[in-house]
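To start, the structure under review is shown below, and the notes come after it.
In the working numbering, the protein residues as written are 50 to 237.
Shown next as structure tokens:
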């Protein structure tokens, strides 16, 4: 499953074959066919791998006592992956975008569920922060909404991943990660 996630991230769904996965996993192609009859089954396995990685990361972050520190550590983890993001983009985000272009419409919802899991975790952190005051900018009279803040955070990550990839510049991740960390510090 790890090999499937890696190859699908690097090559994309349409360009990846079951033989590519077998080669990466260093197993006979028959073994891959035994466990995964279709490419869609491999994509589901890759999404399962993304979910497991996210759960492992958030469990590790949950050990930190302060929710703001958890969110900042999440941003640091994203920035640590800047070379991969510059080369291939965000693993789940690029997969979700690619699957969203397919006409069958089943796997894109599953990819969206992985992103939803991240949004829900981030919103829990913002709830724990018990922010007071209001949003700045448009809708300035609106109180902070943890779900909206989570969308802003994850959107920032997806944007910096996309730009780092499009520009092949890992520095985008570093600069925008610092900006996201500063934004988190500014929320009171």
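Idealized CB from N, CA, C, for every residue including glycine.
Comparing alpha-carbon positions, which option in 221, 215 and 170 lies nearest residue 197? 170
Assign residue 195 to one of three DSSP states: helix, strand, or coil. helix
Are residue 239 and residue 214 closer than 8 Å when you measure CB to CB? This structure leaves residue 239 out entirely; the chain is present only between 50 and 237.
Supposed contact pair residue 138 and residue 211 - C-beta distance, whole angstroms, cut 8 Å: 6 Å
Nearest to residue 80 (by Cα), restricted to the options 92, 67 and 102: 67
Any idea what DSSP makes of residue 114, helix, strand or coil? coil
Delimiting residues of the alpha helix (DSSP H) encompassing residue 175: 156-178
State the Cα-Cα distance for the pair residue 97 and residue 237, rounded to the nearest angstrom. 36 Å
What are the start and end residues of the alpha helix (DSSP H) that includes residue 234? 220-235
Along the chain, where does the alpha helix (DSSP H) that runs through residue 79 open and close? 78-84
Span of the alpha helix (DSSP H), counted from its first residue to its last, around residue 147: 140-148
Is DSSP giving residue 62 helix, strand or coil here? coil
According to DSSP, is residue 104 part of a helix, a strand, or is it coil? helix
Can you give me the Cβ contacts of residue 181 inside the same chain, cut-off strictly under 6 Å, excluding the 5 residues immediately before and after it? none
According to DSSP, is residue 69 helix, strand or coil? helix
Leaving aside the five residues before and after residue 145 along the sequence, list all residues of the same chain whose C-beta is less than 8 Å from its C-beta, in chain order. 157, 160, 161, 163 and 164
Contacts around residue 113, its chain only, beta-carbon distance under 7 Å, and the 5 residues preceding and following it disregarded: 119 and 122
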